[in-house]
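Trainee: One structure coming up, written as structure tokens, with questions to follow.
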Amino acid sequence: MMRVNLKVPFAEKDSAKALGAKWDAAKKLWYIVDKADLSPYSQWIDQKVATSAAPQASTEKTSFAKPLPKLAGVDYGEPPWDVTEHDIILK
């Protein structure tokens, strides 16, 4: 579920509601959920948030592995397996 918060001025609340925006009474703001086309809401979306919320393809591999320590001058190099975020134990 992808939620996008909107900055809707009070005078434009009826327009946002007509487009399907919902009111979050606790946060006192309008929002939309799971809309493929955000263009009708673009005037109310913070562009920094919209850019970061958009899925971006990445060809770069993320590594969560810490480098192995050098003991007695031996360089162990990289581990022979791929470490994923699920392999990391958070304490």
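For what it's worth, UniProt numbering labels the leading residue of the sequence shown as 1, then goes sequentially. Beta carbons: idealized from backbone N, C-alpha and C, even for Gly. Note that the coordinates shown come from a computational prediction; the quantities given were computed from them, not determined experimentally.
1. Among the residues of its own chain, which have a CB less than 6 Å from the CB of Trp-44, if the five just before and after it don't count?
2. Less than 8 Å between the beta carbons of Met-2 and Asp-24, yes or no?
3. Can you check whether the C-beta of Gln-43 is within less than 8 Å of a C-beta belonging to chain C?
4. Between which two residues does the alpha helix (DSSP H) harbouring Lys-13 extend?
Mentor: Reading from the atomic positions:
1. Leu-6, Lys-7 and Val-8
2. no
3. Judged by its chain identifiers, the structure shown contains no chain C, having just a single protein chain.
4. 13-18
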